[in-house]
Each structure stands twice: as C-alpha cells, then as structure tokens.
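Q: So the sequence shown is residues -27 to -1, 1 to 276, counted in mature numbering (1 follows the signal peptide of the UniProt record, and there is no 0).
Note that the Cβ used here is the ideal one computed from N, Cα and C, for glycine as well.
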Amino acid sequence: MTPSFTARLWRCCVLLGVLLFAAPTWAADILLTAEEDGPGVQTFVQALAQQRSEDSVKFTPLKDLPSPAHLPASTRLILLDLPSLDWRLQDTQGPPTLVLRISRLQARQRLGDSVPPKISLLWSDPPLDRQLRLISGILPQARRIGVLYGIDSEFLLRELRQYAAPMGLEIVPQLWDNINDSRPLQSLFKNSDVLLGLDDPQLYNPKTAKNLLLSSYARQLPLVGPNAGFVKAGSLASTYSDQADWLNVLDRLLDHAPANWPRSLYPERFKVVGNPQVARSLGIEQVDETNVAARLAEGEKRP
C-alpha cells in the first residue's frame, strides 16, 4: 500500500471510531397508550418525545393495539389510564410496563397486595409520610390527625400509624361508610386538631366537598389534602407532582433496563400548593409553597 492510501485508510478508521462513540449505544421503542386521546395526552407525549429525542416515542389508542402478548418484547410500554391497565392485565406475557398516575386505592382494587411481573406502578396520590410532614411543617401545634376512611381505603391506616408514631402524631380514624350521614364527621372533628384527607374518591368528591369544607370551616379545623385539586376546592394545602415531575421520573427509569425498574415508586420531585383564602378564613398563616416544599425535600434527602 502506498503511504497516501495508508493515511487515507487511517483517517477513515479514526472517523468511523468517532462516529461509533458519538452514536447512542441503543434506542428504545417507547409506546404510550390510553383509552382516549386528547390535548393533554398529546402534550405529554410530545414532551416525552422531546426529552427522549434518541428514542422512538409514539402514542397509539388502546383500541388500535393487539393483545399485550403480541407486542414486541423490546417495547417499553407506558399506560396512561385505568382501562389500559385492565387491558394489560389480560395477559401474563407482554412487554415491560410502566403504569402512570395510579393511586394506591386503584391499584389495590385491581391487583390486591401484589404487583404482577413486568409491571411497575407510579403512584399519583401524595405519599402519606410526606403529607404528615407537611402537616407538621405548617401546623406544628397539631398532634391529633383525624382521618376519614372507607371500606376501600381502610388498608392505609396501618401505614399512616407507622409514619405518625415517630413524629409524635396520633392518628384518629373514623369510618365514613354513608356520605349522607354527617355524624361521623362531627364526631371526628371534635377529637382532632387537623383532618388529613386520603385519596379516596368515595369520600372526597364533588358531592361531599360542600359538606366537608363547610364543616371544616365551622369547626375552624384545617383539611390537608387529599390532592391538589381539592385544595382549589377549599382544603388548606397538599403536596403533589406535576407533569414536569412525572417526565423527570420517566426519564430516569427509561435510562435503565426494565429488569431494574422498581415494582412501585413515587416521583422524587414534588411541589406544595396552598389556598391563601382558606388560610385567612381559618386564621392560619399563608403557606409559603416554595419554602415548605424545599424543607420537605431536604428532609427526604437525609438518611
């Protein structure tokens, strides 16, 4: 070989090596699905596609998908609603699956106490320990935490007590199995310093909101939770995770092999929302959302 040919060959090898090292080692096929499409779904899918620009990210309506077992095993499946979870559960076979924004209660109703293989649940309801620490942060004098529960949400009480004990808090539970009967509410309010709402739609919904909130104001008893939506309706405050927080946790999970995905988890990032009008009506200092969220996050980073 001539010196010039050898030099050209060397340059080509170097260029090929640079291209190989610059290219991603793999690209994932990410499939999102839900029963219904809409602007909110499309906004989320587009944001994930921008965030995972080296992957193939697409949305397909549930009605257009085959059974889970007929999807490629290499697909990373993201479910955006409960009907898509019901569809996924029809097959024990199928690709690794992330179930986005499902509550503890919804999961228990469908799965019982165990999560099937290849399925990871990303919880939508605020972590109970975080909600208790929120109460301690904004209402340090509160010690008796009133908790309404129903048949479906009773299983959360044990976990609540485990978190409350080290904080010096007492959980005061009250079964509310008939939302048309206000006596359990009145009994609970007499024995509590604050009410913590569980994300149980049988108890906290548009039909019960008026009774709950008016009773809370009448007793000057703050309601914390059960979610950001209820804060807008009239509760004092709650922690929550928004779209940016969900995209962050998805990005981290999708960087890892599905075999390393946890069976369930909460988004690490979160925010605090407060209702200034409610705080004023209850004679409570307005919640400093940014500062309180930062203090809660710092507490979670400590061992």
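Check this for me: beta carbons of residue 279 and P240, under 9 Å apart or not?
A: Here the chain comprises residues numbered -27 to 276, so residue 279 is not present and cannot be evaluated.
Q: Is it true that the region 177 to 184 meets the region 223 to 239, where meeting means three or more beta-carbon pairs spaced less than 8 Å apart?
A: Output reads no: the region 223 to 239 does not touch the region 177 to 184.
Q: How many Å lie between Y177 and D261 at the Cα?
A: 25 Å
Q: Which same chain residues end up closer than 7 Å to F17 when comparing Cβ atoms and leaving out the 5 residues on each side of it in sequence?
A: Close CB contacts of F17 within its chain, under the 7 Å cut and outside five residues either way in sequence, are with Q216 (chain order).
Q: Using beta-carbon positions only, say whether V197 and I144 come within less than 9 Å of one another.
A: Not a contact, by the Cβ cut-off of 9 Å.
Q: Spatial neighbours of L130 within its chain, please: C-beta separation below 8 Å, excluding the five flanking residues on both sides.
A: V120, Y122, I144 and P146
Q: Take M140 and list the residues in its own chain whose beta-carbon comes closer than 8 Å to its own, dropping the five residues that flank it on each side.
A: L105, R106 and S109.
Q: In the structure shown, what three-state DSSP assignment does A42 receive?
A: helix
Q: Is the distance from the Cβ of I152 to the Cβ of P195 below 9 Å?
A: No, they are not a contact pair.
Q: Need the endpoints of the beta strand (DSSP E) that D2 sits in, please.
A: D2 to T6
Q: Inspect the beta-carbon positions of P41 and Q66 and report whether they are closer than 9 Å.
A: yes
Q: On the DSSP bridge assignment, give the partners of G119 in chain order.
A: V145 and L168
Q: Considering only the alpha carbon of each residue, which of W60, S189, D150 and T263 lies closest to L35?
A: W60
Q: Determine the extent of the alpha helix (DSSP H) in which F203 is found, giving its start and end residues.
A: Boundaries of the alpha helix (DSSP H) around F203: A201 to A206.
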